[in-house]
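Here the structure is laid out as structure tokens; the discussion comes afterwards.
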Amino acid sequence: MSKAYRDTFTGPHLLGISGLNRLEVESLLDAAEEFVGPKQLQGRKKNYLSGRTQVNLFFEPSTRTQSSFEVAGKRLGADVINMALKTSSIAKGETLIDTAVTLNAMHPDLLVVRHGASGAAALLSQKVDCAVVNAGDGTHEHPTQALLDALTLRHHLGDLAGKRIAICGDIAHSRVARSNVILLTLLGAEVRLCGPVTLVPSSAHEWGVCVFTDMNNALDGCDAVMMLRLQSERMDSALIPSRREYFRFYGLDRGKLAHAKPGALVMHPGPMNRGVEIDSDIADDPAISLITEQGEMGVAVRMAVLDKLAGGAS
Amino acid sequence: MTGNILVRGARVLDPANNIDRIADIEVKNGKIHAIGDKAKAPKNGTIVEADGLVLMPGLVDIMVRTGEPGAEHRETLQSAGEAALCGGVTSLVISPQTNPVIDDPALVDFIKRRGATQTRARIYPAGALTQGLAGERIAELGLMRAAGAVVFSNGARAVPTAALMRHALAYAHSFGALVSCRAEEASLAAGGVMNAGDFASRLGLSGIPAVAELISVQRDIALAHNTGARLLLEQISTAAALDAVRRAKARGVAVYCSVSIHHLTLNEMDVGDYRTFAHLSPPLRAEDDRKALLAGLADGSIDAIVSGHDPRPAEDKRLPFAQSAPGAVGLETLLPGILSLVHSGEADLRDVVRLTTASPAKLMGISGGTLAMGAPADFTLVDMDVPWVCDADSLRSKSKNTPYDERRMQGRAVMTFVGGEKCYDAGKASPK
């Protein structure tokens, strides 16, 4: 762990990867290393956040991200509250800002927010006094997902500079893709995007990446392949003709993966649509699939983020 | 006696009559009586010393939205009038987008009468082109025209089908009426909240592509050509659409277009960090589009600059960007906006004054926008250089949604006269 980086990232919020510099990203990844390993799996607690209140405010249903943040907060000793928004005043027409102001009056230390509208976390951060962590806002960013992906890749590939990484699938509607493009290019990786042209923003070539519509070409020589989830509402929209055509051209199978480097790693932010964007045979292959490991790194990265934003003397 | 005044020493600027010189101007019985050496101090009148100020016709803002009737918390005719006079605007064409929609001669009459009692700014109603603005049946254009509607608009949406647009244009043409429409192909714009492009996709906001405007403009130009009707395309925002208008004009089609001051002074980057005050319809476009619109001011392809005044209360704007309502107030900042283009060297003063006075007045067939002998003495005195900072909370509009909030401005109206009566005086206005 490089001590020099330790305090580069100082918050006050984590709203996106955009706006962070390389030192800040590396300081977060280095900090997360402290939380990786068997002692957490044994459930031993640290008290970095004892006495702190963390509110998980999820306006969109989420299983893995919400529980990952909950586990991360609890391992650090925070009091974690999950807002059950389906039964709350949101359903009665209360606005995001009214909810935020009400919560703010309870003086939480951390607000972890997921919302269906791009920019919602940034808006919230302007209205509250505590640290805000963006756990996914619309089709904008999902910064902790990108950080956990980078941490996972770093464990297997070392320095990501010069590594070739393909991100495939529904780029246009993916906040995971946006955060990963920014973060991986920041770390010097060669990033490739691939998907049907109707699911890739027409300006994506301006993001410092190469854009492909042919998956075999996109995967050529790749060190790692990140598959994105195809939302079920997209499957039946006018953007793609059918699931079987999508899987034929954009689903990851052994044939396409053969174009990548031998032993190339496979990732997926979950939850997976097996047989739509990824073949089960690949998803379940422990030699190349990092999908389970991503879940473990998720807790470590979120512990680091929560600690940086609300830990220590304050 | 009211309506008799002499304004001394101002630079008189009236593009309609090709006047731009320092001169005295005499108003008698509320009308322009003399300019220059013949101007004398009237008996029982007042003298206004205006050295260092520019005297220009009161601005004519076509298609101003208020909340009266139906949403008076957003804006009333009274508050819109107060905002207008403070901004040097003396004539307003009121959009039919109210609740109920102004699609009936009695409602046209209501707006006229209400405007006459609530404000000294001149209020002209626009009628709805289709019943309830639903885009299904033509409204009573003939009856509304007889009641005083100066133009027929379909509100913030393009007419949905080509067939209905064709009927509406042909029918309006038989009454000699002007049809006014937005240009946006709905299927391409669906769900979009800002200009489609790199910035929108970085922000994760769905975009409205420029081609949505082009398709709609081309359809409506073809139908105007086909029917011979006069058509005003409201608030066009893209280089491609402007070019289509320019070519149609060259072919002799009776097509006109307006642009909003916001699209001339701002671009998509002003959305910045999800600023909902910059959420407009049509959306703020790319810088290349803005530059193309500026070129259109000088070459005659644009016929009016408008404020696009669309008051939205906090509950419509204090939301995540995609959930917020589009629209910006502009009555008070139209004049400072055009002056900012002059100060930055991006537009000629005579062009922007013509496009906010004589040109829109002529298009609507209303008085005003001119200092011709015998014309109503509607004018404003402008301090071209005074620096100030726009503060949304200080606006006179009931709604404060201006994308110019906190922007540094240069120049504003200091006095506004309607029919020779002083209706606004910055020196005497209640401090806000």
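Taken in order, these protein sequences are the chains called A and B. Residue 247 in the numbering used here is what sits at position 247 of the first sequence, and the numbering runs on without skipping anything. Heads up: take any position in the second sequence, counting from 1, add 1000, and you land on the numbering used here. Built from N, CA and C at the ideal position, the CB exists for glycine as well. Note that the coordinates shown come from a computational prediction; the quantities given were computed from them, not determined experimentally.
Secondary structure of residue i, DSSP reduced to three states
| i | result |
| --- | --- |
| Ile1005 (chain B) | strand |
| Cys1086 (chain B) | helix |
| Ser1258 (chain B) | strand |
| His1173 (chain B) | helix |
| Gln42 (chain A) | Residue confidence for Gln42 (chain A) is low, a pLDDT of 45 falling below 50, so the modelled location carries little weight; the figure read from the coordinates is stated next. In the structure shown, Gln42 (chain A) sits in coil (DSSP, three-state: anything other than H, G, I, E or B). |
| Tyr48 (chain A) | coil |
| Ala1377 (chain B) | coil |
| Ser1237 (chain B) | coil |
| Val101 (chain A) | helix |
| Val1150 (chain B) | coil |
| His205 (chain A) | helix |
| Ala1023 (chain B) | strand |
| Met106 (chain A) | coil |
| Phe1277 (chain B) | helix |
| Arg1412 (chain B) | strand |
| Asp1270 (chain B) | helix |
| Gly1197 (chain B) | coil |
| Phe1417 (chain B) | strand |
| Ile282 (chain A) | helix |
| Phe1110 (chain B) | helix |
| Gly1191 (chain B) | coil |
| Arg164 (chain A) | strand |
| Val200 (chain A) | coil |
| Gly1204 (chain B) | coil |
Closest by C-alpha distance to residue i, when choosing among the options
| i | options | result |
| --- | --- | --- |
| Ile291 (chain A) | A:Leu230, A:Ala310, A:Met226 and A:His115 | A:Met226 |
| Thr1161 (chain B) | B:Ala1170, B:Gly1135 and B:Leu1169 | B:Gly1135 |
| Val36 (chain A) | A:Leu151, A:Glu26 and A:Thr185 | A:Leu151 |
| Glu245 (chain A) | A:Pro196, A:Gln231, A:Asn273 and A:Arg154 | A:Pro196 |
| Leu252 (chain A) | A:Arg114, A:Leu147 and A:Ser280 | A:Ser280 |
| Ala300 (chain A) | A:Glu24, A:Leu76 and A:Gly16 | A:Leu76 |
| Ala1147 (chain B) | B:Leu1284, B:Phe1110 and B:Phe1277 | B:Phe1110 |
| Gly1330 (chain B) | B:Ile1025, B:Ala1023 and B:Leu1085 | B:Leu1085 |
| Ala1292 (chain B) | B:Ala1080, B:Ala1240 and B:Ala1377 | B:Ala1240 |
| Arg1021 (chain B) | B:Ser1153, B:Asp1037 and B:Ala1347 | B:Asp1037 |
| Val1382 (chain B) | B:Leu1107, B:Ala1010, B:Ala1314 and B:Gly1204 | B:Ala1010 |
| Ala121 (chain A) | A:Glu141, A:Ala105, A:Gln231 and A:Ala78 | A:Glu141 |
| Asn1017 (chain B) | B:Ile1032, B:Asn1004 and B:Met1364 | B:Ile1032 |
| Ile182 (chain A) | A:Arg164, A:Phe212, A:Ser203 and A:Ala146 | A:Ala146 |
| Ala1314 (chain B) | B:Gly1067, B:Glu1049 and B:Arg1074 | B:Arg1074 |
| Ala1413 (chain B) | B:Lys1428, B:Ala1023, B:Ser1399 and B:Ile1302 | B:Lys1428 |
| Arg1182 (chain B) | B:Asn1226, B:Phe1321, B:Thr1238 and B:Arg1137 | B:Thr1238 |
Listed by chain order, chain A residues near residue i by CB distance under 7 angstroms
| i | result |
| --- | --- |
| Tyr998 (chain B) | Outside the displayed range of chain B (1001 to 1432) lies residue 998 (chain B), so it cannot be described from this structure. |
Min CB distance residue i to chain A below 8 angstroms
| i | result |
| --- | --- |
| Asp1198 (chain B) | yes |
| Lys1422 (chain B) | no |
| Ser1187 (chain B) | no |
Under 9 angstroms by beta carbon: chain A residues contacting residue i
| i | result |
| --- | --- |
| Gly1192 (chain B) | Under the 9 angstroms cutoff, chain A gives no residues; its nearest Cβ is about 13 angstroms from Gly1192 (chain B). |
Closer than 7 angstroms at the beta carbon, the chain B residues around residue i
| i | result |
| --- | --- |
| Ala122 (chain A) | Asp1273 and Tyr1274 |
| His140 (chain A) | Leu1203 and Gly1204 |
| Arg175 (chain A) | Gly1204 |
Closer than 8 angstroms at the beta carbon, the chain B residues around residue i
| i | result |
| --- | --- |
| Ile97 (chain A) | Arg1318 and Leu1319 |
Any C-beta of chain B under 8 angstroms from that of residue i
| i | result |
| --- | --- |
| Ala117 (chain A) | yes |
| Ser203 (chain A) | yes |
| Pro12 (chain A) | no |
| Arg154 (chain A) | no |
| Glu206 (chain A) | yes |
| Arg244 (chain A) | no |
| Arg178 (chain A) | yes |
| Ile17 (chain A) | no |
Discussion item. Give me the subset of the region 1309-1328 of chain B whose CB atoms are less than 8 angstroms from a CB atom of chain A, sorted by chain position.
Written reply: Glu1315, Arg1318, Leu1319, Pro1320, Phe1321, Ala1322 and Gln1323
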